[in-house]
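Notes to accompany the following structure.
Residue numbers (the working numbering): 34 to 180.
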């Protein structure tokens, strides 16, 4: 029943509004259900989603070299995984010119209120709509700079 509600959104999004999203669970984390659910919701909404489970820094670097993403989302359920996310975020900022918005979500957020500061992501939220609005805000900013 849940998928039928989501599927009504599928196909309605014009190509220009489709986002490319990299959804990552780092190697130090074990959960998958929430991340798979988010990926399904995003796909039914018409976005392109690449899931990387058990990702090492090398896996994420490879994914970012292969394709452009409008949004990189890290799903984090354990404190240990925050260190890996932090290292990846530092590497992305050091090696990429146009960094897409980096968002952290997951079970860790209620446990570690300063997870955004610890990791250096642009946003820490479990609200998917807020995360997607960050992409819209960035796109407007880039458009204004280009004009």
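The beta carbon of each residue, even a glycine, is placed where N, CA and C say it ideally should be.
Drop a sphere of 10 angstroms on the beta-carbon of residue i, count the other beta-carbons inside from all chains shown, and report buried for 16 or more, exposed for fewer.
{"i": "residue 88", "result": "buried"}
{"i": "residue 117", "result": "buried"}
{"i": "residue 75", "result": "buried"}
{"i": "residue 126", "result": "exposed"}
{"i": "residue 169", "result": "exposed"}
{"i": "residue 135", "result": "buried"}
{"i": "residue 71", "result": "buried"}
{"i": "residue 164", "result": "buried"}
Suppose the cutoff is 8 Å on Cβ atoms and the five residues either side in sequence are ignored; what does the same chain contact list for residue i look like?
{"i": "residue 85", "result": "55, 56, 57, 58, 92, 93, 96"}
{"i": "residue 145", "result": "112, 115, 151"}
{"i": "residue 63", "result": "110, 111"}
{"i": "residue 159", "result": "138, 139, 142"}
Check residue i in the structure and name its three-state DSSP category.
{"i": "residue 111", "result": "coil"}
{"i": "residue 148", "result": "helix"}
{"i": "residue 76", "result": "helix"}
{"i": "residue 83", "result": "strand"}
{"i": "residue 57", "result": "strand"}
{"i": "residue 173", "result": "Caution applies to residue 173, whose pLDDT of 41 falls short of 50 and renders its modelled position unreliable; the model cannot decide the point."}
{"i": "residue 138", "result": "strand"}
{"i": "residue 156", "result": "strand"}
Less than 7 Å between C-beta atoms, sequence neighbours within five positions excluded: which residues of the same chain meet that for residue i?
{"i": "residue 148", "result": "115, 137, 141, 142, 157"}
{"i": "residue 166", "result": "none"}
Meets three-Cβ-pair contact criterion under 8 Å: the region 105-119 and the region 151-169: Short answer: they touch.
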